[in-house]
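Asks: Questions regarding the structure given below will be posed in turn.
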Amino acid sequence: MFFKLDYINLESCKELLNLLILVEKSILLEGNSIEIDWYVKENNSIVQDTGQDLAELIKIPVNFKKY
Numbered sequence: 075m076f077f078k079l080d081y082i083n084l085e086s087c088k089e090l091l092n093l094l095i096l097v098e099k100s101i102l103l104e105g106n107s108i109e110i111d112w113y114v115k116e117n118n119s120i121v122q123d124t125g126q127d128l129a130e131l132i133k134i135p136v137n138f139k140k141y
């Protein structure tokens, strides 16, 4: 799974967290694994920081990649 966001606000962050929790529960129930690639523009610290905050709330590994 991957995300490539140029902008994120509080409401979209909440919805994204809800989506990630649903995916996490589904993956754990089925015994499968998944990783998230979180693509961030080189100088977009808001999207980077938000991704790191979300990554701390879930058990899915998140790989941060610059583009």
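Start counting at 1 in the sequence shown, then tack on 74, and there's your number in this note's numbering.
Just so it is clear, CB atoms sit at the ideal spot from N, CA and C, and this is done for glycine as well.
Keep in mind the model is a prediction, meaning the values are calculated, not measured.
Could you check if L94 is buried or exposed, using at least 16 other CB atoms within 10 Å of its CB as the buried criterion?
Replies: L94 comes out buried.
Asks: From T124, D123, L96, K115, pick the residue whose C-alpha is nearest to that of K133; which is it?
Replies: Comparing Cα positions, the closest option is L96.
Asks: Helix, strand or coil: how does DSSP classify D80 here?
Replies: DSSP places D80 in coil when its eight states are reduced to three.
Asks: From the DSSP output, which residues share a beta bridge with N140?
Replies: In the sequence as displayed, the identity of residue 140 is Lys instead of Asn. BP columns for K140 point to V114.
Asks: Tell me whether K133 sits in a helix, a strand or coil according to DSSP, three-state version.
Replies: The answer is coil: DSSP assigns K133 none of H, G, I, E or B.
Asks: Pull up the distance between the alpha-carbon of K115 and that of N83, whole angstroms please.
Replies: The alpha-carbon atoms of K115 and N83 are separated by roughly 16 Å.
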